[in-house]
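Undergrad: Sending over a structure as structure tokens; questions will come in a sec.
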DNA sequence: ATTTTTAATGATAATTATTATTAAGTGAAT
DNA sequence: ATTCACTTAATAATAATTATCATTAAAAAT
């Protein structure tokens, strides 16, 4: 069966880009750290563990490229750095974030939840929704226990 | 009756800060441009029209302070700059944004829309919501006409 | 009132995140 | 083999923001 990396390779070549070793290394890091929300710097440091010669700008370019191809989502939580999330396979790529204002942890919600809201917005404001970002800020379950 | 600037003054003094002339000038600019989503640079240029001697750092410091006091919301749409919105008086300060991917315009939705969703999130993920950010990216009604 | 302390400011340097440039490397297609 | 487009690493450049620091204004204490 086709691996995720194969599929990403196809997405790249479909847009006439190549899966170079640097790009592959970057994608692998994203695959291996899917839970986290890595910044470009994070990705760079992780990629460099296995590919010590990669440049930071290459990582930025690769992430930007993957973002354009909708392989990753570039998101911002307000701390000044962009973070990059691999999109989930197929289905709804919609997911939301829970940012804890105590410990800074970022959890994910893998459900849409917004179908109804979107229908209202499209109709009432006459706006064609292509994407959305929903983040809740508050106290995570771990910090509530403390 | 109490003006908004008076109320902000109270919020500052309540936290033992003063409403200095520079801070007041900054707040006035925010009040006079409530529709827009001004960046620090925008605010700086507008403040300087009336208070030519103000420094950029002071504007940044003031905006940061106002953000900590929850007088303004510091938001990011992904274009690399932080923007500062005065919070609405009392009531639900919740509002959402429509960012047009064609022309870059940012419109506001002054309705909550998320009550139901929040109830679900609080219960299912055991997360105490203090705030949220919801942004839709898509095509605004103006660009649809073109 | 005058000193003492504290807070806030303006100017500017430093930092951080990101993007652009450049020169060199690589590989597919002649 | 040679060309040509793509990609890269290194580095420079830029933009946004933050830190530093000497100076000033205000408040508190004498």
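Protein chains in written order, with our numbering: chain A, 105 to 250; chain B, 105 to 250. All residues carry an ideal CB built from backbone N, CA and C; glycine is no exception.
Compare the beta carbon distance of residue 191 of chain A and residue 176 of chain A with 9 Å and say whether it is the shorter of the two.
TA: Yes. Within cutoff.
Undergrad: Tell me whether the beta-carbon of residue 216 of chain A lies closer than 9 Å to the beta-carbon of residue 138 of chain A.
TA: Against a cut-off of 9 Å, the Cβ pair of residue 138 of chain A and residue 216 of chain A comes out as no contact.
Undergrad: With 9 Å as the threshold, decide whether the Cβ of residue 174 of chain A is near any Cβ in chain B.
TA: Not an interface residue.
Undergrad: With 9 Å as the threshold, decide whether the Cβ of residue 244 of chain A is near any Cβ in chain B.
TA: Judged by the 9 Å Cβ criterion, residue 244 of chain A is in contact with chain B.
Undergrad: Would you identify the three-state DSSP class for residue 167 of chain B, choosing helix, strand or coil?
TA: Helix, per DSSP.
Undergrad: Considering Cα atoms alone, identify which of A:151, A:213, A:122 and A:146 is closest to residue 221 of chain B.
TA: It is A:213 whose Cα lies nearest to the Cα of residue 221 of chain B.
Undergrad: Would you say residue 143 of chain B reaches chain A, if we count a Cβ-Cβ gap shorter than 9 Å as a contact?
TA: Taking Cβ atoms only, chain A never reaches closer than 9 Å to residue 143 of chain B, which makes this a no.
Undergrad: Is the stretch 149-165 of chain A touching the stretch 105-117 of chain A, taking contact as three or more C-beta pairs under 8 Å?
TA: At 8 Å Cβ cutoff, the stretches do not touch.
Undergrad: Return helix, strand or coil for residue 216 of chain B, following the three-state DSSP convention.
TA: Coil, per DSSP.
Undergrad: Would residue 133 of chain B pass as a contact of residue 123 of chain B if the rule is Cβ separation under 9 Å?
TA: Not closer than 9 Å, so no.
Undergrad: Check distances from the C-beta atoms of the stretch 213-239 of chain A to those of chain B and list, in chain order, the residues that come in under 9 Å.
TA: Hits within the stretch, in order: 213, 215, 217, 218, 220, 221, 222, 224, 225, 226, 228, 229, 230, 231, 232, 233, 234, 235, 236, 237, 238 and 239.
Undergrad: Exposed or buried, residue 151 of chain B, counting other C-beta atoms within 10 Å across all chains shown (16 or more means buried)?
TA: Buried is the call here.
Undergrad: Using the rule of at least 16 other Cβ atoms within 10 Å of the residue's Cβ for burial, across every protein chain shown, is residue 281 of chain B buried or exposed?
TA: The structure shown does not extend to residue 281 of chain B, since chain B spans only 105 to 250, so no value can be given for it.
Undergrad: Please tell me whether residue 190 of chain A has its Cβ less than 9 Å away from any Cβ of chain B.
TA: For residue 190 of chain A, the answer is no, since every Cβ of chain B falls outside 9 Å of its Cβ.
Undergrad: Suppose you measure from the CA of residue 162 of chain B to the CA of residue 126 of chain B; what does that come to, to the nearest Å?
TA: Cα to Cα, the separation comes out at about 8 Å.
Undergrad: Could you compute how far the alpha carbon of residue 178 of chain B sits from the alpha carbon of residue 250 of chain B?
TA: For residue 178 of chain B and residue 250 of chain B, the distance between alpha carbons rounds to 32 Å.
Undergrad: Does any C-beta atom of chain B lie closer than 9 Å to the C-beta of residue 158 of chain A?
TA: Not one chain B Cβ lies under 9 Å of residue 158 of chain A.
Undergrad: Name, please, each residue of chain B whose Cβ falls closer than 9 Å to the Cβ of residue 202 of chain A.
TA: Result: 225, 229, 231 and 233.
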